[in-house]
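Worksheet: one structure, shown below.
In the working numbering, the protein residues as written are 1451 to 1524.
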């Protein structure tokens, strides 16, 4: 039935897609904090700043992709 399939889709999103989204290198998500920590180990002085730059670029690309996909361009 249609409602059961819809329920499974929502459960899939909650249990698989949200944790993957959490691992994106966007601060303050877990992936962003991990990226900041790893870059701080590579360069103690500028690593955290690099992590924030990676975060901003990733967030910007995600926004562009989401806007383009909502308009049917992807």
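Where a beta carbon is used, it is the ideal one built from N, C-alpha and C, also for glycine. Bear in mind that the values here come from a model prediction, so they are computed numbers and not experimental data.
- Query: Does the beta-carbon distance from residue 1475 to residue 1505 come in below 9 Å?
  - Reply: Residue numbering aside, residue 1475 sits at position 25 when the chain shown is read from its first letter. Residue numbering aside, residue 1505 sits at position 55 when the chain shown is read from its first letter. Yes. Within cutoff.
- Message: Let's see if you can read the secondary structure: which residues bound the alpha helix (DSSP H) around residue 1487?
- Response: Within the chain shown, the letter at position 37 stands for residue 1487. Taken as a continuous stretch (DSSP letters only), the alpha helix (DSSP H) holding residue 1487 covers 1480 to 1492.
- Item | Residue nearest to residue 1478 in terms of C-alpha spacing, selected from 1503, 1464, 1519 and 1463 | Indexing the chain shown from 1 puts residue 1478 at position 28. Nearest Cα to residue 1478 within the set 1503, 1464, 1519 and 1463: 1503.
- Item | Exposed unless 16 or more other CB atoms sit within 10 angstroms - verdict on residue 1489 | The residue labelled residue 1489 in the question sits at position 39 within the chain shown. Under this definition residue 1489 is a buried residue.
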